[in-house]
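Protein chains in written order, with the numbering used here: chain A, 855 to 1061; chain B, 855 to 1061.
Protein chains: 2
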Amino acid sequence: MVEFSGSDGFGMTGDLSDLVVNTPRHFPRGYSIYQAGEKGGAWRVVAGTVRLDRGQDGDGNDALASLAVVGDIIGAETLLFGRYTFTARALSDCTLIPWNEYGERPGHEGLLKALARAEQRFADILALRTGRAADRVARLLSIMSFGVVGRRTLAGQVLPRLRDIAEITGLTIETVSRTIKQLRGEGLPGLTDGQSTAEKEKDASGR
Amino acid sequence: MVEFSGSDGFGMTGDLSDLVVNTPRHFPRGYSIYQAGEKGGAWRVVAGTVRLDRGQDGDGNDALASLAVVGDIIGAETLLFGRYTFTARALSDCTLIPWNEYGERPGHEGLLKALARAEQRFADILALRTGRAADRVARLLSIMSFGVVGRRTLAGQVLPRLRDIAEITGLTIETVSRTIKQLRGEGLPGLTDGQSTAEKEKDASGR
DNA sequence: CGAAGTATTGAAAAGCATCAAAAGTGGTGG
DNA sequence: CCACCACTTTTGATGCTTTTCAATACTTCG
């Protein structure tokens, strides 16, 4: 079992200060941040994108539960249960900090904000499963681009695994592969930080 | 704006709810519970299913944001903003009570529970957009059956509008129509099929 | 180097969307 | 009570999108 727990900073691998309460933690793409059932606390995403999964879906595949991008809180349920109910993995390189505002338990307002953010995020994710393959993938990359430092995602360099993209968008790996190839050919429209305007240009240009 | 009175005969206009703390309100299928932007408070769903929508999706159609079934809280964001961020409609006949625990603002634990429930619900709804049409529709009806008194939904009598089912599952109305016809012909096997033990209990106990 | 995972590509088929039209349903006013 | 309207549901025919199956390359890492 990999020990990354604790907001006190003890036992952290290669981190600088044990004294600071909110020590940022960095996770590379694909890294498992925590597993469902483990003890631990809540985190705030300050860079990158995190994927949350709910156990197995019967075929041995994890079933996507949610995504978290910059500003989102993950693992808030630990404040109630003490354990995680979902499994978290880094979709892209990402940075988290323990979510304990000013060293104390998050208050009323903090919880409400987290809830409101979660609801908004969910509507975004749900929309990723509507429309054509090209639109879905482009939308996902657009959402993720907010959480990527620099333009790597925009340039198509540091994409998540196709398998992750496929599971999030509800497509197959093959379709995602073909879709990304197509998007590259079109110059990746819509991937630059907004989305809607560039999206329409793509539609107009044909494919 | 139409004021719908509770089934108990109280003619509520919202302001009087200071006196009667937890007065249940009943809404018929299709009824608009609240609109995004309106002032109001949070509710707990005690019967039926509520659909939450986020504004227009560009084509004039509401974009599904979430569903709420028995036990779920809707409109919690009003505790922070004072106004609703989503629009709520009754997918089936449903009953709500104002969410103010013991006449006070919901506390820390109540909020955490609401958040945890919302996250679970998200995962359920996301799953409704994966797999084949027949599975999706059957899963939705399964989720909703928890909130329907009696077996009407199982018997196919008091279904939501096909349009709602279509928008929730990400299918077209035509496909949903054909799918439901097929499920009926099969005796609705899909409803017990994948997951819910409660489904089978419901069938066995016979309303 | 070899193994395991990951990505690409093709061809064929399944599934669903689309378009179109008819039939059913509920509510309103004459 | 009926005619009428708006909306919803059903059904058919057709074709596009995506999946499926299969085979091959590319990457990463012990």
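Beta carbons are placed, not taken as given, at the ideal position from N, Cα and C, and that holds for glycine.
Measuring alpha carbon to alpha carbon, tell me which residue in the options is nearest residue i.
i, options, result
"B/Phe976", "B/Leu994, B/Arg937, B/Leu934 and B/Thr1026", "B/Leu994"
"B/Thr1063", "B/Lys967, B/Arg983, B/Ser886 and B/Pro960", "Outside the modelled stretch of chain B, which goes from 855 to 1061, sits residue 1063 of chain B, for which no answer is possible."
"A/Leu965", "A/Cys948, A/Leu933 and A/Asp989", "A/Leu933"
"A/Gly1039", "A/Ala981, A/Ala988, A/Ala919 and A/Ile951", "A/Ala988"
"A/Arg943", "A/Ala919, A/Ala992, A/Arg986 and A/Gly925", "A/Ala919"
"A/Gly925", "A/His962, A/Gly936, A/Gly1024 and A/Leu969", "A/Leu969"
"A/Leu1037", "A/Glu1021, A/Arg990, A/Asp907 and A/Ile979", "A/Arg990"
With a 10 Å radius around its C-beta and 16 neighbouring C-beta atoms as the bar for buried, classify residue i as buried or exposed.
i, result
"A/Ala1009", "Low confidence applies here, because A/Ala1009 scores a pLDDT of 42, under 50, leaving its location unreliable; read the following figure in that light. Burial call: exposed."
"A/Ile881", "The residue you asked about is not Ile; residue 881 of chain A is Phe in the sequence shown. Counting Cβ neighbours within 10 Å, A/Phe881 comes out buried, since at least 16 surround it."
"A/Arg959", "exposed"
"B/Phe940", "buried"
"A/Leu1013", "buried"
"B/Gly961", "exposed"
"B/Gly1024", "buried"
"A/Val1003", "Reliability fails at A/Val1003, whose pLDDT of 35 lies under 50, so the model's placement of it is uncertain and the value that follows must be treated cautiously. So A/Val1003 ends up on the exposed side."
"B/Gly891", "exposed"
"B/Gly1001", "Unreliable positioning characterises B/Gly1001 in this predicted model, as indicated by a pLDDT of 34, which lies under 50. The coordinate reading is nonetheless provided below. With 16 or more other Cβ atoms within 10 Å, it is buried."
For a contact meaning CB atoms closer than 9 Å, what does residue i contact in chain B?
i, result
"A/Ile979", "Phe976 and Leu980"
"A/Thr877", "What A/Thr877 touches in chain B: nothing, since even the nearest Cβ is about 24 Å away."
"A/Glu931", "Leu966, Leu969, Ala970 and Glu973"
"A/Ala917", "Ala977, Leu980, Ala981 and Thr984"
Whose Cβ in chain B lies nearer than 8 Å to the Cβ of residue i?
i, result
"A/Gly925", "Going along chain B, no residue has its Cβ under 8 Å from A/Gly925, so there is no contact; the nearest lies around 15 Å."
"A/Thr1026", "Those do not exist, as A/Thr1026 stays about 11 Å from chain B at its closest Cβ, beyond 8 Å."
Quick one: what's residue i bridged to in DSSP?
i, result
"B/Phe881", "B/Cys948"
"A/Thr939", "DSSP, once it has assigned bridges, lists no residue as partnering A/Thr939."
"B/Glu990", "The question names Glu, yet the displayed sequence has Arg at residue 990 of chain B. In DSSP, B/Arg990 forms no bridge with anything."
"A/Ala922", "A/Val904"
"B/Ser917", "Per the sequence shown, the amino acid found at residue 917 of chain B is Ala instead of Ser. DSSP lists B/Arg908 as partners of B/Ala917."
"A/Arg898", "A/Ile927 and A/Ile951"
"A/Ser886", "A/Arg943"
"A/Lys893", "A/Arg937"
Give the interface partners of residue i over in chain B, defined as CB-CB distance under 7 Å, in chain order.
i, result
"A/Thr835", "No answer is possible for residue 835 of chain A: the residues shown for chain A start at 855 and end at 1061."
"A/Arg908", "Ala977"
Residue i versus chain A: which residues are under 8 Å apart at the beta carbon?
i, result
"B/Thr939", "Ala970, Glu973 and Gln974"
"B/Leu1016", "Here the premise fails: no neighbours, minimum Cβ distance about 17 Å."
Output, in chain order, the set of chain A residues within a Cβ distance shorter than 9 Å of residue i.
i, result
"B/Ser920", "Glu973, Phe976, Ala977 and Leu980"
By the criterion of Cβ-Cβ separation under 7 Å, what are the contact partners of residue i in chain A?
i, result
"B/Leu945", "Simply none; closest approach about 16 Å."
Please list the residues of the stretch 961-972 of chain B that have a C-beta atom closer than 9 Å to any C-beta atom in chain A, keeping them in chain order.
Gly961, His962, Glu963, Leu965, Leu966, Lys967, Ala968, Leu969, Ala970 and Ala972
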